[in-house]
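So for the sequence shown, our numbering puts the first residue at 1226; every next one is plus one.
Note that CB positions come from ideal geometry on N, CA and C, so glycine has one too.
Only one structure is covered here, and it is reproduced in the block below.
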Amino acid sequence: RIAFNCIPHIDVFLSDGSTKEEWKMVVETKKIMHAPEIRVAATCVRVPVLRCHSEAINIEFASPVSVESAREALGGARGVTLIDDMAGNSYPMPALLEGTDDVYVGRLRADDSVSNGIQLWCVADQLRKGAALNAVQIAELLVQR
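So this is what it looks like as structure tokens:
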């Protein structure tokens, strides 16, 4: 039963107890970041939304990073929209962002479980960012060269 439920299982289980989707997140993160040494832990959960992938992300930096400097960096990044007004209950939500092109980030705060940690919530429409839109953006870059 998927309606009104969350299922912590996407794709087949692997011998270590993770799923193929979780394995892909680990491998793809290392590939995209050009950082094979990066440590990634993932639990993929199927939730009843029409579109958009969402992630709770915890990042540990080598040196201290303030929440404000992380907010400034993300807010100034091309293709990223910061929605981070906790007092006004305004943060990225899949139901409001489907059909959009950006990656939306919010709920920025310190992660006190590690040294130099930041937590955030991230939402993007997987049919646009990561699929068709990325193909168009890559083609545009190639044409410019």
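Backbone CA spacing between residue i and residue j [nearest angstrom]
i: Gly-1342; j: Leu-1299; result: 15 Å
i: Glu-1297; j: Phe-1229; result: 36 Å
i: Leu-1322; j: Asp-1309; result: 14 Å
i: Leu-1347; j: Val-1237; result: Note on residue identity: the sequence assigns Cys, not Leu, to residue 1347. Cα to Cα, Cys-1347 sits roughly 25 Å from Val-1237.
i: Ile-1227; j: Ile-1284; result: 30 Å
i: Leu-1275; j: Val-1290; result: 35 Å
i: Pro-1273; j: Cys-1231; result: 7 Å
i: Val-1368; j: Val-1361; result: 11 Å
i: Glu-1246; j: Val-1328; result: 20 Å
i: Gly-1242; j: Cys-1277; result: 25 Å
i: Gly-1313; j: Arg-1271; result: 28 Å
i: Leu-1239; j: Met-1318; result: 30 Å
i: Ile-1235; j: Leu-1307; result: 28 Å
Closer than 8 Å: residue i CB and nearest the ligand GDP heavy atom
i: Val-1348; result: The ligand GDP is absent from the structure shown, which contains no ligand whatsoever.
Among the options, the one whose alpha carbon lies nearest that of residue i
i: Tyr-1316; options: Ser-1338, Arg-1334, Arg-1264; result: Arg-1334
i: Gly-1355; options: Thr-1325, Ser-1340, Pro-1273; result: Thr-1325
i: Leu-1345; options: Ile-1282, Glu-1293, Val-1368, Cys-1269; result: Ile-1282
i: Ala-1266; options: Arg-1353, Val-1237, Trp-1248, Leu-1307; result: Trp-1248
i: Val-1305; options: Ile-1232, Asp-1350, Lys-1245; result: Asp-1350
i: Ser-1288; options: Glu-1253, Ile-1235, Ser-1340; result: Ser-1340
Classification of residue i by the beta-carbon crowding that lies within 10 angstroms, buried from 16 upward
i: Gly-1331; result: buried
i: Ala-1364; result: exposed
i: Cys-1269; result: buried
i: Met-1373; result: Outside the displayed range of the chain (1226 to 1370) lies residue 1373, so it cannot be described from this structure.
i: Ala-1295; result: buried
i: Leu-1366; result: exposed
i: Arg-1353; result: buried
key: Complete alpha helix (DSSP H) runs within the stretch 1239 to 1319 (minimum length 4 residues, chain order)   = Note on the stretch 1239 to 1319: whole alpha helix (DSSP H) runs with a minimum of 4 residues are 1245 to 1257, 1292 to 1300, in chain order.
Contiguous beta strand (DSSP E) assignments of at least 3 residues, all confined to the stretch 1320 to 1358 = Segments of the beta strand (DSSP E) lying fully in the stretch 1320 to 1358: 1328 to 1336, 1342 to 1349.
message = With a threshold of 8 Å, are at least 3 pairs of Cβ atoms found where one atom belongs to the stretch 1318 to 1337 and the other to the stretch 1256 to 1266?
response = Contact between the stretch 1318 to 1337 and the stretch 1256 to 1266 is absent, because fewer than three Cβ pairs lie under 8 Å.
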